[in-house]
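Only one structure is covered here, and it is reproduced in the block below.
Protein chains in written order, with the numbering used here: chain A, 1 to 344; chain B, 1 to 344.
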């Protein structure tokens, strides 16, 4: 059993999901040889606090529900700003601030600072890894630490971890999937008769789509995931700008129904391939899929990814694309992987 | 990089699949820090040979295609019988003899001998693990070695490895799947109008079913896999006799078409659950599945498994259920896992 001192950066939905999983999966973590101790929580709304003895995740969740972490037993105030990340004596940083695909901030600065200070990083934030993976991977290597991001694609559904374990040496040739649940939900609703704006409104009402839905419907979110898959699974050095990207915002109900009449379904598909040692054709766009295609069977807000491999042919993994505990689990899985990698 | 000296026990379809993958995935293995060296091959038909310097997998495949391993450069004859497994100086044994669900032999004796002699074991043979997992797991632990069997369920599709890595601490509550491609092919053909005996004959013609198809159509193969999943994924101590088992041999075309008329599909489903800390209800039987059930969408000889988890809800993995390179990959994945576990 090894104690891992963890700093949680961001205590919104994802941060609380991680705390829930730390609370509920202590036995599973112990089975894996991991004793996780939350020694700091940094959140601009709730207050940033430190306790070298470790916070009880349940107490953190209760305090957060009451609007402030400052009065927690054992808590002292953390330094302000980015310095807090490196001033707290810790082994791992969970970076869980919201994704920003323009400049990656504040997550990019957090990840850079943590790696440079010799902290392992697990992040659910697509911004830093989609915009700056080559730089960050070098920085991690130079500092002898790991940068992991299972939660950036299909929440905690095991994908990146699988490519390192069960699919290692299987020769993954391409990755192709339904990577954005919001777009898939909207296209599914349009097949059932809704027009685009009604389907979008419904997605917003259900909490799938943001008030500003551009990140989803213009394909940015899926493009970020394609970038991440191209780099982490296929060994590329892509950034978001390399992806040939189109969204669903130009799709009309007539387009959807014409596809249905032709025995197909419109789906927003992301894909990237490895060919002759190079990572090529990273793209996101609407495709008319025949009904036998496993991607066509994904309904509603579901997510599915297919790896085409040399040894096994196609292997598909379906699981949740979002959610609090679902994304929280990604950090637990990454922590276990950090533990195993560090002792290997 | 660490050199792993491997003995291949059995050089039929699976053994040659493993050799193909050793030949074709050397770069992937090296990335994982593994240098695999085949120091012995034991096969009663082709001859059993040893070379401490290591055989070239390509040369082994060529010699096997010509009917004998005895004239390979560097080869000396191995001792006869089970002694060979322990007399050859090696780190890992790949046990790849055919499955026998009556008494598990000869595989069970091979696995016992290898573990007792302090060899790690990777096996694709369902017999030993379905009949004697509790004993073998204890034996492995007592000798400080690993016993792995990714290839016993859905060939090399990552399942058991995923439960140890990405799904560790996710709280797997149940496992449910289409675990026998032959039965699924026969039921699919019957939906398309074939009667049972024609569908079975076609499955035999395509090489899916054995001349004696009882192991598949009576549900024994799926029941062995349910036993393995209950033990390795859910932490049980089941043996094959614990599974409530029925096959497809009593299914008529009228049954299949009646199910279709009712908007369902008959599928042979295997499942097992964990409830109140106990592994319960291991079973295999024909179920009428509604069309929205992901298992109902599995056509032909496909395989699909769904893990229901506390953190993620359902996560499904689809991949090949059989095949030479497909099963061969399982041994590569297990070797990498042994390497990682041994250095952790």
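Ideal Cβ placement from N, Cα and C applies to all residues, glycine included.
- Item | Per-residue contacts from residue 95 of chain B into chain A (C-beta, under 8 Å) | Result: empty, since nearest Cβ-Cβ is about 19 Å, beyond 8 Å.
- Message: Between the alpha carbons of residue 196 of chain B and residue 209 of chain A, how many angstroms are there, rounded?
- Response: Spanning the two alpha carbons is a distance of roughly 49 Å.
- Leaving out the 5 sequence neighbours to the left and right, which residues in its chain are closer than 6 Å to residue 252 of chain B when beta-carbon positions are compared? Result list for residue 252 of chain B: empty, nothing under 6 Å.
- Please compile the residues from chain A whose C-beta is within a distance smaller than 8 Å of the C-beta of residue 336 of chain B. Going along chain A in sequence order, the residues near residue 336 of chain B (Cβ under 8 Å) are 165, 168 and 169.
- Go through its chain and collect everything with a Cβ distance to residue 229 of chain A's Cβ below 7 Å, but skip five positions before and after it. Non-local C-beta neighbours of residue 229 of chain A in its own chain, meaning closer than 7 Å and more than five positions away in sequence, comprise 153, 175 and 272, ordered along the chain.
- Use the C-beta contact count for residue 1 of chain A: other C-beta atoms within 10 angstroms, 16 or more gives buried, fewer gives exposed. Under this definition residue 1 of chain A is an exposed residue.
- Message: For the structure I just gave you, are there three or more beta carbon pairs, one from the segment 313-321 of chain A and one from the segment 5-16 of chain A, closer than 8 Å?
- Response: Touching, no.
- Message: Determine, for residue 340 of chain A, whether the minimum Cβ-Cβ distance to residues of chain B falls below 8 Å.
- Response: It does; some Cβ of chain B falls within 8 Å.
- Message: Less than 8 Å between the beta carbons of residue 302 of chain A and residue 107 of chain A, yes or no?
- Response: A distance of 8 Å or more separates the beta carbons of residue 302 of chain A and residue 107 of chain A.
- Per DSSP, cross-strand counterpart(s) of residue 120 of chain B: Answer is B:92.
- Tell me where the alpha helix (DSSP H) around residue 59 of chain A begins and ends. Residues 57-65.
- Name the residues in the segment 198-226 of chain A whose C-beta lies less than 7 Å from a C-beta of chain B; which are they? Listed by position, the residues of the segment 198-226 of chain A near chain B (Cβ gap below 7 Å) amount to none.
- Message: Below 8 Å on C-beta distance, what does residue 21 of chain A contact in chain B?
- Response: In chain order: 169 and 311.
- Task: For residue 68 of chain B, count neighbouring Cβ atoms within 10 angstroms of its own Cβ and tell me buried if that reaches 16, exposed if not.
- Result: Classification of residue 68 of chain B: exposed, given that the 10 Å Cβ count is below 16.
- Item | Cutoff 7 Å; reference residue 243 of chain A; Cβ partners in own chain excluding five residues on either side | Around residue 243 of chain A: 223, 226, 227, 282, 283 and 284.
- Task: Answer yes or no: does any C-beta atom of chain A fall closer than 8 Å to that of residue 290 of chain B?
- Result: Answer no: the Cβ-Cβ gap between residue 290 of chain B and chain A never drops below 8 Å.
- Should residue 146 of chain A be labelled buried (16 or more other beta-carbon atoms within 10 Å of its own) or exposed? So residue 146 of chain A counts as buried.
- Given residue 247 of chain A, which residues of its chain have a CB within under 6 Å of its CB, disregarding the five upstream and five downstream residues? For residue 247 of chain A, where only same-chain residues beyond five positions count, the Cβ hits under 6 Å are 217, 218 and 219.
- Message: Taking the beta carbon of residue 213 of chain A as the centre, do at least 16 other beta carbons fall within 10 Å, making it buried, or is it exposed?
- Response: By the neighbour-count rule (16 or more Cβ atoms within 10 Å), residue 213 of chain A is buried.
- Is the Cβ of residue 184 of chain A closer than 8 Å to any Cβ of chain B? So, not an interface residue.
- Message: So, at 6 Å on beta carbons, what are the nonlocal neighbours of residue 179 of chain A in its own chain, with the 5 sequence-adjacent residues on each side left out?
- Response: When the five nearest sequence neighbours on each side are left out, the beta carbons in the same chain lying within less than 6 Å of the beta carbon of residue 179 of chain A are those of 222, 225 and 270, in order along the chain.
- Any C-beta of chain B under 8 Å from that of residue 195 of chain A: So no, residue 195 of chain A is outside the interface.
- Task: With a 10 Å radius around its C-beta and 16 neighbouring C-beta atoms as the bar for buried, classify residue 25 of chain B as buried or exposed.
- Result: Per the 10 Å Cβ criterion, buried.
- is_contact[residue 319 of chain B, chain A] using C-beta, thresh 8 Å: At least one chain A Cβ lies under 8 Å of residue 319 of chain B.
- Task: Under the assumption that residue 254 of chain B contacts residue 295 of chain B (Cβ atoms under 8 Å), give the Cβ distance between them as a whole number of angstroms.
- Result: About 22 Å separates the Cβ atoms of residue 254 of chain B and residue 295 of chain B, ruling out a contact at the 8 Å cut-off.
- Message: For a contact defined as C-beta to C-beta under 9 Å, what are the partners of residue 332 of chain A on chain B?
- Response: Within chain B, the residues near residue 332 of chain A are 168, 169, 170 and 311.
- Item | Where the segment 28-55 of chain A meets chain B: residues whose CB sits under 7 Å from a CB there | The segment 28-55 of chain A vs chain B, Cβ under 7 Å: 28, 29 and 32.
- residue 262 of chain B touches chain A at which residues, Cβ-Cβ below 7 Å? Contact of residue 262 of chain B with chain A by beta-carbon distance below 7 Å is absent, the smallest such distance being about 21 Å.
- Task: Drop a sphere of 10 angstroms on the beta-carbon of residue 95 of chain A, count the other beta-carbons inside from all chains shown, and report buried for 16 or more, exposed for fewer.
- Result: With 16 or more other Cβ atoms within 10 Å, it is buried.
- Three-state secondary structure (DSSP) of residue 271 of chain A: Strand at residue 271 of chain A.
- For residue 164 of chain A, three-class secondary structure by DSSP: In the structure shown, residue 164 of chain A sits in a helix (DSSP, three-state: H, G or I).
- Query: Would a C-beta distance cut-off of 8 Å place residue 338 of chain A and residue 122 of chain A closer than the cut-off?
  - Reply: Going by C-beta atoms, residue 338 of chain A is nearer than 8 Å to residue 122 of chain A.
- Query: Which bits of chain A does residue 294 of chain B rub up against, with CB to CB less than 9 Å?
  - Reply: One finds 297 and 318 in chain A with Cβ atoms closer than 9 Å to the Cβ of residue 294 of chain B, taken in chain order.
- Should the segment 24-41 of chain A be regarded as contacting the segment 51-69 of chain A, the criterion being three or more beta carbon pairs within less than 8 Å? The segment 24-41 of chain A vs the segment 51-69 of chain A: in contact.
- Using the Cα positions of residue 98 of chain A and residue 201 of chain A, report the straight-line distance between them to the nearest angstrom. Cα to Cα, the separation comes out at about 22 Å.
- Task: Using a Cβ cut-off of 7 Å, pull out every chain B residue sitting near residue 325 of chain A, in sequence order please.
- Result: Under the 7 Å cutoff, chain B gives 311.
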